[in-house]
Amino acid sequence: MAIRVSSDSLTAFPKALPIKFSIQKHPNVKFISSANLWRRRDRVHLPRKATTLNYAKEAIDVPKDLFDQRADSMEELVGVELIKLKAVVAITNSKRDCLREVMLAAFEAFNANPSHGFVSLQLVSNTFDPRTMKPKLSKEATLPLKPNGNIMAHGGNRRTINHDVEFAVESNFGIPGALLVTNKGDKELFLENINIEGIADFVCNSWVRPDKVNNEKRIFFCNKVYLPNETPEGLKELREEELRQLRGDGEGVRLMSDRIYDYDVYNDIGDPDKGLDLVRPTLGGEENPHPRRCRTGRPAANTDERAESRVEDHDKTPIYVPRDETLADSKREAVNRDKLKGILRNIVPSLVARLSTESDVLKGFSDVNGLYRERSLVQPESQKNRIIEKLPIARVLCKIQGLAEEIVKFEPPKIISGDNGCCLRDDDFGRQVLAGINTLSIECLREFPPKSKLDPSIYPLQSALKEEHIIGHLDGMSLQKAIEEKKLFILDYHDIYLPFLNQINALEGRKAYATRAIFFLTSAGTLKPIAIELSLPPSGGNIPSNRVLSPPVDATSNWLWQMGKAHVCSNDAGVHQLVHHWLRTHACMEPFIIAAHRQMSRMHPIFKLLEPHMRYTLKINAMARETLINAGGIIETDFTPGHYCMLMSCAAYRDWWRFDFEGLPSDLIRRGMAVADESKPHGVKLVIEDYPYASDGLLIWSAIERLVQTYVNYYYPNSSTIWSDTELQAWYAESVNVGHADLRHASWWPKLLTPSDLSSILSTLIWISSAQHAALNFGQYPYGGYVPSRPPLMRRLLPDETDPDYPIFMADPQGYFTSALPSLFQATKFMAVIDIISAHSPDEEYVGERRDLSAWSADPEIVEAFFKFSTEIKAIEKEIEKRNSDPSLKNRCGAGISPYQLLLPTSQPGVTGRGVPNSITV
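In case it helps, the UniProt record's numbering puts the sequence shown at residues 1 to 922.
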């Protein structure tokens, strides 16, 4: 009697097979088949029907008694030396899972036969097995899913449990290049990393769902980068397979555990099933061009098959994003905590709005000032006060008072100075456009009067601005000389607002103009507002109207000037939120992120470079569709355009947005705020030297550009390497042709033919996701938290002498002004929202920080480039702090002037008005 040996048996054998094979080893004997042997205790028995020992080309009979001896290992039997690789597997549990595991451990103390699932792990070699022409595989290792292992603290919200496992591989296995993982448990697990005794490191950071949900093995690659044509033979098929899994088939409803990246239009911001007032058009397509979003596959609404149904309970069933795009525990808890604080702060104003019989209007500035906590002032302390404060009851009362104020009152924002009982001062108005929350709209005035680019057959209105309106404010200069010397600047919101004004002004409680504001650059380097133009389109048979305001000369003109500035700021707030913030950062980045996951392997060097700059963005955008940009959401309720908000974003995308102008130098040149000058450190010369956003931004832009150029030139030494990179070309082509399908035929899209082209594209994407977004987002509460200075919406137009309310204005101009502002409830709701979205979370990763440098351990030049970049970012922070203390820079330093800190790279958690995260994380 004999046995049969075959090639499919190595992974099926028990971990240690105690048998001894004493015949002479044959070079072709490699494996022994588990189908022909079965084991009981420490003996190996021969199946009845086994008669032959098979080699690759021949077979010999083997006496059965040779298998009835004890042995130390399987290697003696199969003729190939096996070695064991020790590995540490790190699995991270959330706080809820940690508690559950403690309870399970307690239960199992009384259970003699606890039942757990396990994780199956199998290594894949970089090299092919010449016998099978397939990648070499290790024996499967199993990891029981139970609360054991070495526990490591991991912040306050989760913990990492390290498990020891062993992999059995042949001595000629080669370098492990991939890992196949199967979760045989009942719940998903978060696989953090796997380290194989210094040989290989797998940085996973991914959720692995049970195989009963999806039986495809998860593929993880060793933490090393490869261009597609450099991929080791053993990994090529897996590289393609991983991308196939991530692309999906474009069909069906996505499960929350899915990892599929696909595209769709924004047909889910309306809610037609709840009424006609919540019907909204689809964003994306010929009628309303817009970048694409991540597809969810939810069914159509019952009343409109073109609209996707809404999620009813976002807390229980959030909008789908690929599983690894969800927020970490600490981030999610910070968001929920801030939401709760916002709700509590709105309780009193909400009750007042519901119960009050009077109109819900601000009665005066005191109504607004009462929403903030008192600033702590350094005052002399009397001996009596010191004694009282030491009493226990006094300390308790102080704590209660402090807690109450923390809950129901807001922190005074940066924009509030010592005279917060008044409107926005002219010097603050001019400084905000250079060093505030929206520094991307100011342009150099290149022709006067300014001209509209709208179709004159539809919008025949011409500017009413004339030389006589501004000539007296040019410090003795002629108009032509002021233009030639680049002394005149403009905020021009005429074209973006005018097509929507009739619809906006028909909404209840909304009134708006299409505004223009002209500024003069003083000898001190500051901007002085010298004229405001307020335009209305024809309506109801009335002719279109323009109104020009000049700096005030008396009490009446002062209040009209203040209202004019408030309308400009309201326009500015809308464009900031809808165009610069939502469209240019959030919406336009999403297609590049989706395409990166669909077309570039995680081993791709460009994916590795971009990875920290894509973190959380898809989830944040999905949350925006849940509660911010949706019908009846915060954007519609808090900003003047109401439910026309997103249509304005579409109009800006169609008529104005261009990817080739999104890099900082190109954007500054487009707006006339800089001129190209290769002799300057950043290749441009600023028209206004003390332009804090631009001067600080150029420091970060240039550092990013140098890093990217070094990185790209290392992996792509010539143009042929760019052309031949199939994954790179597919990523960019899909980003443009699918993700930005409505503009795919535009001639301005950059080509991707040379290393220089790639460097420019990547620098722009990293700039947008980091510094650009930070400059637009994290100052929203510090600069916009005082509603009278920067109202997000207006409820009244300026009074005219023929207006029935004109006598009311003349009798109480302050009351008229405050009644034009958002109501108390609207103001507190808006303040609560921007307070939340201006905050950094505890797990923020800031520009210059990289936690994945081990991916380039074999590329010291790249590691050195990242360290150099980090050093540059630290130097930039010191330079910005130095500028903020320079009294000659009057747009960022002076009595009562807030320093410009939005581009300071680092920050503590919370609302700080500074900090540049790597990605769009809020």
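For every residue, glycine included, the Cβ atom is placed at its ideal position computed from N, Cα and C. In this text, all values refer to a predicted model and were calculated from it rather than measured experimentally.
Residue i versus residue j - alpha carbon distance
i: R584; j: S919; result: 14 Å
i: M831; j: Y781; result: 7 Å
i: F866; j: P272; result: 50 Å
i: V169; j: L123; result: 9 Å
i: G285; j: A566; result: 35 Å
i: D164; j: N737; result: 47 Å
i: L82; j: H740; result: 53 Å
i: E849; j: R914; result: 16 Å
i: Y372; j: K466; result: 42 Å
i: S545; j: L536; result: 5 Å
i: L686; j: A694; result: 8 Å
i: L560; j: L549; result: 8 Å
i: P144; j: I635; result: 49 Å
i: I768; j: T637; result: 27 Å
i: Y806; j: L798; result: 9 Å
i: H773; j: D129; result: 49 Å
i: residue 937; j: T921; result: Because the chain in this structure spans residues 1 to 922, residue 937 falls outside the shown range and cannot be described.
i: Q709; j: I761; result: 11 Å
i: S724; j: S763; result: 21 Å
i: P917; j: K414; result: 21 Å
i: F448; j: I470; result: 11 Å
i: G910; j: N336; result: 13 Å
i: K481; j: R547; result: 26 Å
i: V857; j: G342; result: Before going further, note that residue 857 is Ser rather than Val in the sequence given. Cα-Cα distance, rounded: 46 Å.
i: F607; j: D367; result: 51 Å
Residue i, enclosing beta strand (DSSP E) - first and last residue
i: V203; result: 200–208
i: E251; result: Counting along the chain, E251 falls outside any beta strand (DSSP E), and DSSP gives it neither H nor E.
i: A141; result: 141–144
i: R218; result: 218–221
i: P792; result: Premise fails: P792 is in no beta strand (DSSP E) and is neither H nor E.
i: L549; result: 545–549
Enclosing alpha helix (DSSP H) for residue i [first to last residue]
i: R654; result: 645–655
i: I704; result: 692–715
i: K680; result: It is not in any alpha helix (DSSP H) - K680 carries neither H nor E in the DSSP assignment.
i: K528; result: K528 -> not in any alpha helix (DSSP H); beta strand (DSSP E) instead, spanning 527–536.
i: S120; result: Taken as a continuous stretch (DSSP letters only), S120 belongs to no alpha helix (DSSP H), being part of the beta strand (DSSP E) at 118–129.
i: K481; result: 479–484
i: K685; result: No alpha helix (DSSP H) holds K685; the beta strand (DSSP E) holding it covers 684–686.
i: P135; result: No alpha helix (DSSP H) contains P135, which is instead part of the beta strand (DSSP E) from 134–137.
i: R584; result: No alpha helix (DSSP H) holds R584; DSSP gives it neither H nor E.
Assumed close pair residue i, residue j - CB separation to whole angstroms, cut-off 8 Å
i: V361; j: T818; result: 7 Å
i: R510; j: T640; result: 6 Å
i: R671; j: C423; result: About 27 Å; that fails the 8 Å criterion.
i: I532; j: V568; result: 6 Å
i: I166; j: K86; result: Before going on, a small fix: residue 166 reads as Glu here, not Ile. Their Cβ separation, rounded to whole angstroms, is 6 Å, which keeps E166 and K86 in contact under 8 Å.
i: S841; j: S523; result: Actually they do not touch by this definition, with Cβ atoms about 44 Å apart.
i: N223; j: S854; result: 5 Å
i: Y644; j: Q503; result: 6 Å
i: A573; j: P792; result: 5 Å
Interface flag, residue i vs chain C, CB-CB below 7 Å
i: S695; result: Although the question refers to chain C, the structure presented lacks it and comprises just one protein chain.
Proximity test, residue i beta-carbon vs the ligand SAH heavy atom, cut-off 6 Å
i: I766; result: As for the ligand SAH, it is missing from this structure, which has no ligand bound.
When the Cβ atoms of the stretch 491–503 are set against those of the stretch 452–472, are three or more pairs found closer than 8 Å?
yes
Counting pairs of Cβ atoms below 8 Å between the stretch 891–903 and the stretch 713–733, do you hit three or more?
no
Would you list, in sequence order, the uninterrupted beta strand (DSSP E) runs of no fewer than 3 residues that lie entirely inside the stretch 487–524?
488–492, 514–521
Across the stretch 595–603 and the stretch 747–764, are there enough close Cβ pairs to call them in contact, namely three or more that are closer than 8 Å?
no
Check whether the stretch 433–445 touches the stretch 766–783, counting contact only when three or more Cβ pairs, one atom from each stretch, lie closer than 8 Å.
yes
Whole alpha helix (DSSP H) elements within the stretch 422–460, 4-residue minimum
426–435
Return the chain-ordered ranges of every beta strand (DSSP E) run that is complete within the stretch 161–200 and spans a minimum of 3 residues.
176–183, 189–196
Taking contact to mean 3 or more Cβ pairs, one atom from each stretch, closer than 8 Å, check whether the stretch 249–265 and the stretch 305–323 are in contact.
yes
Determine, using beta-carbon pairs with one atom in the stretch 821–836 and one in the stretch 898–906, whether at least three such pairs fall under 8 Å.
no
Evaluate the contact criterion for the stretch 658–673 versus the stretch 860–880: three or more CB pairs, one atom per stretch, below 8 Å.
no
In chain order, which alpha helix (DSSP H) runs of at least 4 residues are fully inside the stretch 760–815?
773–777, 780–784, 806–811
Would you be able to state if there are at least three C-beta pairs under 8 Å between the stretch 677–691 and the stretch 609–626?
no
In the stretch 828–908, which residue ranges form an unbroken alpha helix (DSSP H) of at least 4 residues, counting only runs that do not cross its ends?
860–884
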